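Take a look at the structure set out below.
There are 2 protein chains.
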Amino acid sequence: MVLKRDSSIVKNAIKLKQKKYREQEDKFLVEGIRFVEEAILEGLVDHIFYSKDIYSVNGYERVLNNDLPKFEVDESVIKELTNTTTPQRVVAVVRKPKIEINEDLSFVVVVDKVQDPGNLGTIIRTCDAAGVDAVYIIKGTVDVYNDKTLRSTMGSIFHIPILYYETFKDAVENLYSMGFNIYASALDGEDLYKTDLKGKTAVVIGNEANGMSQEDIMLCNKKIRIPMIGRAESLNASVAAAVIIYEALRQRL
Amino acid sequence: MVLKRDSSIVKNAIKLKQKKYREQEDKFLVEGIRFVEEAILEGLVDHIFYSKDIYSVNGYERVLNNDLPKFEVDESVIKELTNTTTPQRVVAVVRKPKIEINEDLSFVVVVDKVQDPGNLGTIIRTCDAAGVDAVYIIKGTVDVYNDKTLRSTMGSIFHIPILYYETFKDAVENLYSMGFNIYASALDGEDLYKTDLKGKTAVVIGNEANGMSQEDIMLCNKKIRIPMIGRAESLNASVAAAVIIYEALRQRL
Numbered sequence: 001m002v003l004k005r006d007s008s009i010v011k012n013a014i015k016l017k018q019k020k021y022r023e024q025e026d027k028f029l030v031e032g033i034r035f036v037e038e039a040i041l042e043g044l045v046d047h048i049f050y051s052k053d054i055y056s057v058n059g060y061e062r063v064l065n066n067d068l069p070k071f072e073v074d075e076s077v078i079k080e081l082t083n084t085t086t087p088q089r090v091v092a093v094v095r096k097p098k099i100e101i102n103e104d105l106s107f108v109v110v111v112d113k114v115q116d117p118g119n120l121g122t123i124i125r126t127c128d129a130a131g132v133d134a135v136y137i138i139k140g141t142v143d144v145y146n147d148k149t150l151r152s153t154m155g156s157i158f159h160i161p162i163l164y165y166e167t168f169k170d171a172v173e174n175l176y177s178m179g180f181n182i183y184a185s186a187l188d189g190e191d192l193y194k195t196d197l198k199g200k201t202a203v204v205i206g207n208e209a210n211g212m213s214q215e216d217i218m219l220c221n222k223k224i225r226i227p228m229i230g231r232a233e234s235l236n237a238s239v240a241a242a243v244i245i246y247e248a249l250r251q252r253l
Numbered sequence: 001m002v003l004k005r006d007s008s009i010v011k012n013a014i015k016l017k018q019k020k021y022r023e024q025e026d027k028f029l030v031e032g033i034r035f036v037e038e039a040i041l042e043g044l045v046d047h048i049f050y051s052k053d054i055y056s057v058n059g060y061e062r063v064l065n066n067d068l069p070k071f072e073v074d075e076s077v078i079k080e081l082t083n084t085t086t087p088q089r090v091v092a093v094v095r096k097p098k099i100e101i102n103e104d105l106s107f108v109v110v111v112d113k114v115q116d117p118g119n120l121g122t123i124i125r126t127c128d129a130a131g132v133d134a135v136y137i138i139k140g141t142v143d144v145y146n147d148k149t150l151r152s153t154m155g156s157i158f159h160i161p162i163l164y165y166e167t168f169k170d171a172v173e174n175l176y177s178m179g180f181n182i183y184a185s186a187l188d189g190e191d192l193y194k195t196d197l198k199g200k201t202a203v204v205i206g207n208e209a210n211g212m213s214q215e216d217i218m219l220c221n222k223k224i225r226i227p228m229i230g231r232a233e234s235l236n237a238s239v240a241a242a243v244i245i246y247e248a249l250r251q252r253l
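In order, the protein sequences belong to chains W and E. The numbering used here applies: residue 1 is where the first sequence begins, and numbers increase by one. The numbering used here applies: residue 1 is where the second sequence begins, and numbers increase by one.
This is how it looks when you write it as structure tokens:
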């Protein structure tokens, strides 16, 4: 039996395309075989929607051979649940991960009003790869559970604890209370490669267009600068994040 | 007088949206005040199209106060010349830059079949920032003069020499003849942070989904690996490029 567009279970899933409902329900949508499989392995899937042509895709059994509730829907419903131009054949309703925080935090990345979902997702993926202990997200940053952000995380959303703060001040107070140094990127900062990042280190990544606000920079106790010796005026936000995060990892290895 | 959509000068500009015509004419399209201004300063602009609402935009005089040929067109023509959802009010027909190569090349990035225009543009921007001497682009890589690539370069397309090679083998032969070490990224490579990148260094960035082909890896004399200590299986291509390029810069500074 194919579930219709106007069934309540489909309608409720479609609502999860809106941030408001994602926050209300503490759930989000995950699409594509690989990503849905990862959500299943994490034990976070509520139920699965698929279209009949999933059987033509390699690896379909990785998302269908399990005891989770599954509903066949028309391809048009899958399209409505996703926003991609590349067709997906499977979408899951997934509970937001609650990843436990290492008690002895020593390497944190603070994302302060990054706007581009691709940048945020890529930063989360880089943090995962570099063994960052937690990502702090300040209100005003694009939603982590936005479909574009999720796609860019490549599954890292399930690997790394993410904490949310109403204000940058709240986040830095928490970090200072644990003895962190907090590093803002600023043009008048110390050369990244002359900065010691081996202690308790929190790196702040600011907005793509405007960087961090002066107010937020003043709340940090350290300023760093990525050397730029060519004619480019700045780096892409997720690139700048990666250069700093990986220099910290290099020093800490 | 507003130039019509069917005038030959507009029709020729619209053709430049296709790679074939960009190669034939050795020209491309640049959009937005900031980017057009940079093309003007480089002395590469042929002529400019603008819509009448450009006067409502801050900085319009930076693209209009000059002796270059300028044509007012309808907003719909500007829209057709660009592909952005964010409206632009100015588009220029620009000659491809011919940037002279430093005779004493010592730091080169080879882009081997990167497919995503955003990644390619970001890699070129990072190369510019890190003082890379030249970017070698292997056939099969997305076009540099694609509008999305250009947008991601943030103007760096005008700052750094770009050379094109039919095959990866041609590129490495050129590099070996100058005494370069050529570094492939590979899972069984040497730890990036234990690798000496101070000599004549060419870093190869492979395809996003598949990395470099085994054949191309075998043409390199060195293999490196970015340490990954978390659960992420890989890094975004432009992030991986940045981590390696900036480690080379750190060692060379």
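Beta carbons are placed, not taken as given, at the ideal position from N, Cα and C, and that holds for glycine. Only a predicted model underlies this, so the values are computations on that prediction, with no experimental measurement involved.
- For E/VAL204, the enclosing beta strand (DSSP E) stretches over residues 201-205.
- Annotation: Cβ neighbours of W/ILE229 in chain E (cutoff 9 Å, chain order): ALA129, ALA130, GLY131, LEU249 and LEU253.
- The beta carbon of W/VAL243 lies closer than 6 Å to those of ILE226 in the same chain, with the five residues before and after it left out.
- Between the alpha carbons of W/GLN88 and W/ARG62 lies a distance of about 15 Å.
- In this structure, E/PHE168 keeps its C-beta atom at 8 Å or more from the C-beta atom of E/THR201.
- The residues PHE35 and GLU38, in chain order, have a CB closer than 7 Å to that of E/GLY155 in the same chain once the five nearest residues on each side in sequence are set aside.
- Below the 9 Å Cβ cutoff, chain E contributes THR122, ASN236, SER238, VAL239 and ALA242 as neighbours of W/SER238, in chain order.
- Judged by DSSP in its simplified three-state form, E/PHE158 adopts helix.
- Beyond the five residues adjoining it in sequence on each side, E/ILE245 comes within less than 7 Å, by CB distance, of VAL109, THR126, CYS127, ALA130, VAL132 and VAL203 in the same chain, given in chain order.
- For the set E/THR82, E/ALA186, E/GLU75 and E/PRO161, the Cα lying nearest the Cα of E/SER213 is the one of E/ALA186.
- C-alpha of E/ILE205 to C-alpha of W/GLY230: approximately 20 Å in a straight line.
- As computed with DSSP, E/THR141 is found in a beta bridge with E/LYS139.
- About 6 Å separates the beta carbon of W/VAL77 from that of W/ARG5, a gap short enough to meet the 8 Å contact definition.
- For E/SER177, the enclosing alpha helix (DSSP H) starts and ends at 168-177.
- For W/TYR50, the enclosing beta strand (DSSP E) stretches over residues 45-50.
- Contact annotation: in the region 49-69 of chain W, no residue has its CB less than 9 Å from a CB in chain E.
- Pairwise C-beta distances place the region 184-199 of chain W out of contact with the region 157-171 of chain W, as fewer than three of them are shorter than 8 Å.
- Here W/LEU41 is exposed: its Cβ has fewer than 16 other Cβ atoms, across all protein chains shown, within 10 Å.
- The beta carbon of W/SER156 falls within 8 Å of a beta carbon belonging to chain E, placing the residue at that interface.
- E/SER238 places its beta carbon 8 Å or farther from that of E/THR153.
- Beta-bridge partners of W/ALA184 (DSSP): W/LYS223.
- Interface with chain W (8 Å Cβ-Cβ cutoff): E/THR82 is excluded.
- W/ALA209 and W/VAL111 have their C-alpha atoms some 14 Å from each other.
- Taking 9 Å as the upper bound on Cβ-Cβ separation, chain E lies near residues PHE158, HIS159 and ILE160 of the region 157-181 of chain W.
- Residue burial is scored here from C-beta neighbours: W/LEU81 has at least 16 other C-beta atoms within 10 angstroms and is therefore classed as buried.
- Among the bridge pairs identified by DSSP, W/VAL30 is matched with W/ALA92.
- Per DSSP, W/ASP112 is not a residue of any alpha helix (DSSP H); the beta strand (DSSP E) it occupies stretches across 107-112.
- Below the 9 Å Cβ cutoff, chain W contributes no neighbours of E/TYR136, its closest Cβ being approximately 17 Å away.
- Residues VAL93 of the same chain have their beta carbon placed closer than 6 Å to that of W/ASP46, with the five preceding and five following residues left out of the count.
- A residue is called buried once 16 or more other Cβ atoms fall within 10 Å of its Cβ, and W/THR84, having fewer, is exposed.
- Within 8 Å of the CB of E/TYR193, the CB atoms of chain W belong to ARG250 and LEU253, in sequence order along the chain.
- About 16 Å separates the CB atoms of E/VAL73 and E/GLY32; that is not less than 8 Å, and the two are not in contact.
- With contacts defined by Cβ atoms closer than 8 Å, W/ASP26 and W/ARG95 form a contacting pair.
- Rounded to the nearest angstrom, the gap between the Cα atoms of W/VAL172 and W/ARG250 is 24 Å.
- Around the beta carbon of E/ASN12, a 10 Å sphere encloses fewer than 16 other beta carbons of the protein chains shown; the residue is thus reported as exposed.
- Counting C-beta atoms within 10 angstroms of its own C-beta, E/ASP104 has fewer than 16 neighbours from the protein chains shown and is therefore classed as exposed.
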